[in-house]
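>
Numbering (the numbering used here), first residue to last: 480 to 779.
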């Protein structure tokens with residue numbers, strides 16, 4: 480069985496291989512509560528299916544999908560993999576909560592009960608959808624369009640190809656791998672649920688993880704053949720700068736990590752980390768502040 484740390488890594492795979500999560504990465508300042516609920520439902524279902532050491536959770540939001548299915552189409556929910564498949568597929572759309580209910584009602588209205596959860600994927604993947612009013616597209620078309628937009632957006636944070644060659648290549652490879660996982664085997668979530676730890680670890684080795692850190696300042700970024708030039712601090716620094724403009728939070732959360740690894744720190748890290756952009760040796764926050772041409776600006 481998977482432990483909680485491994486389950487977190489499953490969540491990472493789920494996030495990077497879903498269209499709606501990709502869209503939320505493109506627009507990081509938007510809180511997408513509808514999508515978060517469906518993700519929570521997906522994670523909780525997976526926890527029940529492949530873990531033995533999980534704690535009980537409140538019905539809302541963690542069992543909400545099962546409650547909805549029980550109300551609308553109880554027969555469908557007798558197979559939990561059906562609910563897991565429907566959660567995963569709903570996350571391919573820009574309003575997953577609404578889509579989840581709509582798909583369920585559509586199946587009930589025609590009394591269609593899939594013989595296997597794979598049939599749900601086959602049915603939904605045949606549908607054509609509209610993205611930004613640009614005509615009908617398949618799920619794969621929508622995912623690929625959003626993936627391209629996300630790649631351009633994220634690479635825009637590192638828009639000096641010479642300085643950030645390794646990071647830009649790493650981003651390309653990460654999104655490419657996610658696309659391959661999603662469309663080479665559209666049932667991969669079911670494979671993880673059925674296969675447990677061994678199947679999960681094969682996906683983990685293929686995709687890797689984003690930055691993982693804890694309260695003690697320990698952090699890691701795991702990725703197959705990760706280039707030396709991928710500095711994990713840059714990814715926290717992006718969030719820190721965005722957080723400052725969004726909420727006015729001055730303190731750099733890289734502080735504990737820098738202490739852990741004996742990097743140079745001073746009072747500015749607590750109150751004005753952007754001032755370090757004039758130093759000779761630039762920390763990730765200062766480098767990005769300077770790289771984004773913000774060095775002539777002093778936040779109020």
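Glycine included, each C-beta is placed from N, C-alpha and C at the ideal position.
Fair warning: this is a prediction, and the values are worked out from it, not measured in the lab.
1) Taking 8 Å as the threshold (C-beta atoms), are residue 555 and residue 520 in contact?
2) Nearest CA to the CA of residue 732: which residue from 743, 740 and 718?
3) Can you look up residue 641 in the DSSP assignment and give me helix, strand or coil?
4) Taking the alpha-carbon positions, what's the residue 611 to residue 625 distance?
5) Between which two residues does the alpha helix (DSSP H) harbouring residue 735 extend?
6) Between residue 721 and residue 593, what straight-line distance do the alpha-carbon atoms span, to the nearest angstrom?
7) Rounding to the nearest angstrom, what Cα-Cα distance links residue 545 and residue 568 in this structure?
8) From what residue to what residue does the alpha helix (DSSP H) around residue 600 run?
9) Is the CB-CB distance between residue 548 and residue 529 below 8 Å?
10) Could you check what DSSP says for residue 575 in three-state terms: helix, strand or coil?
11) In the DSSP assignment, find the alpha helix (DSSP H) that holds residue 673 and state where it starts and stops.
12) If you drop the 5 nearest sequence neighbours on each side, which residues of the same chain put their C-beta closer than 8 Å to that of residue 760?
13) Straight-line CA distance for residue 619 to residue 662?
14) Give the single residue among 638, 658, 634 and 552 whose Cα lies nearest to the Cα of residue 650.
Taking the geometry as given:
1) The sequence position of residue 520 within the chain shown is 41, counting from 1. The sequence position of residue 555 within the chain shown is 76, counting from 1. Taking 8 Å as the Cβ cut-off, residue 520 and residue 555 do not qualify as a contacting pair.
2) By one-based count along the chain shown, residue 732 stands at place 253. When only C-alpha atoms are compared, the closest one is 718.
3) Walking along the chain shown from the start, residue 641 turns up at place 162. In the structure shown, residue 641 sits in coil (DSSP, three-state: anything other than H, G, I, E or B).
4) By 1-based counting over the chain shown, the position of residue 611 is 132. By 1-based counting over the chain shown, the position of residue 625 is 146. Confidence in residue 611 is poor, its pLDDT being 48 and thus under 50, which makes the residue's placement unreliable; the coordinate value appears in the next sentence. When rounded, the distance between both Cα atoms is 11 Å.
5) Walking along the chain shown from the start, residue 735 turns up at place 256. It spans 734 to 739 - the alpha helix (DSSP H) in which residue 735 sits, taken as one unbroken run.
6) The sequence position of residue 721 within the chain shown is 242, counting from 1. The sequence position of residue 593 within the chain shown is 114, counting from 1. Straight-line Cα distance between these residues: approximately 45 Å.
7) Position 66 of the chain shown, counted from the start, is the residue given in the question as residue 545. Position 89 of the chain shown, counted from the start, is the residue given in the question as residue 568. Approximately 15 Å, taken between the alpha carbons.
8) Here the question's residue 600 lines up with position 121 in the chain shown. Note, residue 600: alpha helix (DSSP H), 596 to 604.
9) Residue mapping note: residue 548 aligns to position 69 of the chain shown, counting from 1. Residue mapping note: residue 529 aligns to position 50 of the chain shown, counting from 1. The answer is no: Cβ separation not under 8 Å.
10) Locating residue 575 in the chain shown gives position 96, counting from the first residue. In the structure shown, residue 575 sits in a helix (DSSP, three-state: H, G or I).
11) What you label residue 673 is simply residue 194 of the chain shown in a count that begins at 1. Here the alpha helix (DSSP H) through residue 673 covers 667 to 674.
12) For the purposes of this step, residue 760 is taken as residue 281 along the chain shown, with counting starting at 1. Same-chain partners within the cutoff: 743.
13) By 1-based counting over the chain shown, the position of residue 619 is 140. By 1-based counting over the chain shown, the position of residue 662 is 183. Looking at the two C-alpha atoms, the distance is approximately 7 Å.
14) Indexing the chain shown from 1 puts residue 650 at position 171. With distances taken between Cα atoms, residue 650 lies closest to 634.
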